[in-house]
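Enquirer:
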Amino acid sequence: MTVYNRRGFLAGAAAAGAGLASGVALGGTPASAGTTGTRCVPEFGPFVVRPGDPRFDSLRSGHNMRFTGAPDQVTVVGSAEQVVDAVGAAVAAGKRLVARSGGHCMEDFTTTSDVKAVVDLSQMTAVYHDARRGAFAVEPGALVGEVAETLFKGWGVMIPFTGCATVGIGGHIPGGGYGFFSRKHGLSVDHLNAVEVVTVDATGRPRVVVATDSPSDPNRDLFWAHTGGGAGNFGIVTRYWFRTPGVTSTDPTRLLPRTGNQRARLLMWSWDAMTEQAFTTLVGNYCTWYQNNSAPGSPAVNLWGTLTTNHRSAGTLMLLAGVDESVPGGQAMLDAHFAAVTSGVGVEPMVDVQETTPWLDPRNWVSDPAGRQKNKTADLRRSYTAAQIATLWRHLSDDSYYNPNALVNITGFGGRINSVASGATAAVHRDSVLRVYFTAGGWSSEYEDETNMAWVRNLYRELYQDTGGVPVPNAVNGGAFINYPDRDLADPAWNTSGTPWHTLYYRDNYPRLQRIKKRYDPRDVFRHGLSIGLPS
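Take the sequence shown: its letters are residues -27 to -1, 1 to 509, numbered as in mature numbering (1 follows the signal peptide of the UniProt record, and there is no 0).
1) Do you know how far the Cα of G317 is from the Cα of E435?
2) For the alpha helix (DSSP H) that residue 571 lies in, which residues bound it at each end?
3) Going by DSSP, what residue range makes up the alpha helix (DSSP H) through Y410?
4) Among G203, G319, A360, V296, which residue has its Cα nearest to the Cα of W332?
5) Under three-state DSSP, which class holds A62?
6) Please state whether the Cβ-Cβ distance between V443 and Y433 is less than 9 Å.
7) Suppose you measure from the CA of K126 to the CA of W214; what does that come to, to the nearest Å?
8) Measure the CB-CB distance between L229 and M291 and report whether it falls below 9 Å.
9) Does DSSP classify V314 as helix, strand or coil?
10) According to DSSP, what are the bridge partners of M241?
11) Measuring CB to CB, does G18 end up less than 9 Å from T48?
12) Just the Cα atoms here: how many angstroms apart are T232 and G129?
13) Here's a check: name, in chain order, each residue in its chain whose Cβ is nearer than 7 Å to the Cβ of P322, leaving out the five neighbours to either side.
14) Where L32 and V22 are concerned, what is the direct C-alpha to C-alpha distance, given to the nearest angstrom?
15) State buried or exposed for N468, treating a residue as buried only when at least 16 other CB atoms are found within 10 Å of its CB.
16) Please name the residue or residues paired with A108 in a DSSP beta bridge.
17) Rounded to whole angstroms, what's the CA-CA distance from E16 to E54? Just pull it up for me.
18) Can you name, in chain order, every residue of its own chain whose Cβ lies under 6 Å from the Cβ of A4, other than the five neighbours on each side?
19) Do G149 and A351 have their beta-carbon atoms positioned less than 9 Å apart in this structure?
20) Cutting at 6 Å between CB atoms, please list the residues of its own chain near V274, excluding the five before and the five after it.
21) So who's on the other strand from T41, going by DSSP bridges?
22) Can you tell me where the beta strand (DSSP E) with R73 in it begins and where it stops?
23) Would you report the Cα separation of I505 and E328, rounded to the nearest angstrom?
24) Within 10 Å of its beta-carbon, does Q96 have 16 or more other beta-carbons around it, so buried, or fewer, so exposed?
25) Beta-carbon within less than 7 Å of residue 513's beta-carbon, same chain only, minus the 5 sequence neighbours each way: which residues are those?
26) Can you tell me where the beta strand (DSSP E) holding R178 begins and where it ends?
27) Can you list, in chain order, the residues of its chain with a C-beta nearer than 6 Å to that of F109? Leave out the 5 residues immediately preceding and following it.
28) By how many angstroms is the C-alpha of G319 removed from the C-alpha of A251?
29) Say whether the stretch 389 to 409 touches the stretch 476 to 490, bearing in mind that this needs 3 or more beta-carbon pairs closer than 8 Å, one atom from each stretch.
30) Give me the Cβ distance between S417 and G344, rounded to the nearest whole Å; I'm assuming they're in contact under 8 Å.
31) Less than 6 Å between C-beta atoms, sequence neighbours within five positions excluded: which residues of the same chain meet that for F454?
32) Looking only at DSSP bridge pairs, what is G344 linked to?
33) Tell me the rounded alpha-carbon separation between P44 and L293.
34) Just checking my contact of V406 with Q264 at CB under 8 Å: how many whole Å lie between their CB atoms?
35) Based on Cα-Cα distance, which residue from V173, V449, F20, W474 lies nearest to A65?
36) Return the chain-ordered ranges of every alpha helix (DSSP H) run that is complete within the stretch 336 to 388 and spans a minimum of 4 residues.
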């Protein structure tokens, strides 16, 4: 079987696993896995871009435009073999290196002044069924929207990951990966079957390691680390394989969850009509519904939803929820959810729309525009308290601040996610029912940095004032999500809890991640502002 990626390169899917069986590590300059078949065009790359090249400025900044790097070079690669060569050259030259796929990192992990070599994976975009491994292979440069389209058009299947279509798979997956459909199907990594990673040993020699979910795989720890340990910690992933655990079929249409049309309803309220009492009731009802309807196996986990409380300057607040059209009783479930969440709010929505949309309808996907940003996150085990909701109201309704892009988004979690033990994957937040995202939104000018960053920082600190300004795990809080990294959590000026940042992100899984780090990256080649530390 042969497949084409978006550049038209022919890849030998049947040969994709050749020489890369479970647990086998290849050293030196191995043939690029998945590209060992005959090509109809030459292999892409590598292309080395340095200062002075007209391409350089386009390759040294990411989605968060507060940060722009100044590397000596950016190497745009097209295969695992090229990644090995680029990593080997950087290590031999003593250059600090990082990898980037989609460029959506919310912090400066790829742009700090000491980074001198960037490995750009954005052109490694192949998505195909690997018959030899019995799984779907996805390269790290593929964007979420591209992967979703290919899997659905080809086989009618999906991976439960973010609805932001422009996020790169390379960084999304190792943090755990989640989205609307995670309540029903689990995290993205709950369907991960294997990873191909370029690591660097104690001598500085790069090699390709394939690590799988097999209990007998000697590299299984490296696989586990990529199920929530975060990107940029252990090596550079050059390929993922996905297959739902327990599936034995050889039919590719049965290897991952199937999906289809979505029945969804949207309510929008005008901020001009909103009162503090109405806001308190709305947020409280919403959080309580997920608190009471997120048990694994409950029919309610078929329902997905999000509450977006924009800052007053945006003019509106939004409640969105949906269910797959094929779910029995889905309409009644949707109706009951909206009745419960809006009960007692007392303010009529300005928009109330319900429609059924095809899976690939653009309205089911978002594309967050690039801009200057500051973002934070927290997980909830239970509903916010009345005092916390009052804090949200004060900051979101503050007329002295103006930014229509600033918001707090509360997304349904739990369900199938909670059916997995906290140590079974590196993604530890298996007891949360909501995931909260705080952002000052995208702004364009450096002179606006201080105002916007102060707004979201002060909101977050006040919201979690009882636990030192951060969501220290307790009866209500679940911690923070590493795919929304926030360096403030490691700054004692903003985290006065005495709880280290890595406990918020990894809890009891951190020591194991450190041991894996020592085995696969003993020289600490792969590091950033919140990277896994070597054990002392």
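A virtual CB, placed ideally from N, CA and C, is assigned to each residue, including glycine.
Expert: Quick answer:
1) Spanning the two alpha carbons is a distance of roughly 27 Å.
2) Since the first and last residues shown for the chain are -27 and 509, residue 571 lies out of range.
3) Premise fails: Y410 lies in the beta strand (DSSP E), 407 to 412, not in any alpha helix (DSSP H).
4) When the alpha-carbon of W332 is set against those of G203, G319, A360, V296, the nearest one is in V296.
5) DSSP places A62 in helix when its eight states are reduced to three.
6) In this structure, V443 sits near Y433, with a CB-CB distance shorter than 9 Å.
7) Roughly 18 Å between the two C-alpha positions.
8) No, Cβ-Cβ distance for L229 and M291 is not below 9 Å.
9) Note: V314 maps to helix in three-state DSSP.
10) The bridge partners DSSP lists for M241 are M291, V324.
11) Yes, they are a contact pair.
12) One alpha carbon belongs to T232, the other to G129, and they sit about 7 Å apart.
13) The residues are L240, M241, W242.
14) Each residue's alpha carbon lies about 8 Å from the other.
15) Burial of N468 is indicated by the presence of at least 16 other C-beta atoms within 10 angstroms of its C-beta.
16) In DSSP, A108 forms a bridge with D103.
17) Here the C-alpha atom of E16 lies approximately 11 Å from the C-alpha atom of E54.
18) With a pLDDT of 34 at A4, under the threshold of 50, the modelled position of that residue is not reliable, and no figure is offered here.
19) The Cβ-Cβ distance between A351 and G149 does not fall below 9 Å.
20) Within the same chain, V274 has close Cβ partners R156, K157, G388.
21) Beta-bridge pairing links T41 to S34.
22) 70 to 73 is the extent of the beta strand (DSSP E) around R73.
23) Within the model, the alpha-carbon separation for I505 versus E328 is close to 45 Å.
24) Classification of Q96: buried, given that the 10 Å Cβ count is 16 or more.
25) Because the chain spans -27 through 509 in this model, residue 513 falls outside it and cannot be assessed.
26) Element bounds for R178: n/a, residue is neither H nor E.
27) H102, F215, listed in sequence order.
28) A251 and G319 have their alpha carbons spaced roughly 6 Å apart.
29) A contact exists between the stretch 389 to 409 and the stretch 476 to 490.
30) At roughly 6 Å, the Cβ-Cβ gap stays under 8 Å, so S417 and G344 are in contact.
31) Counting only residues of its own chain and dropping the five nearest sequence neighbours on each side, F454 has a CB closer than 6 Å to the CB of T350.
32) Answer is N37.
33) So the two alpha carbons sit approximately 42 Å from each other.
34) Yes, they are in contact, since the Cβ atoms of V406 and Q264 sit about 6 Å apart, within 8 Å.
35) Comparing alpha-carbon positions, the option among V173, V449, F20, W474 lying closest to A65 turns out to be V173.
36) Listed in chain order, the complete alpha helix (DSSP H) runs (minimum 4 residues) inside the stretch 336 to 388 are 359 to 369.
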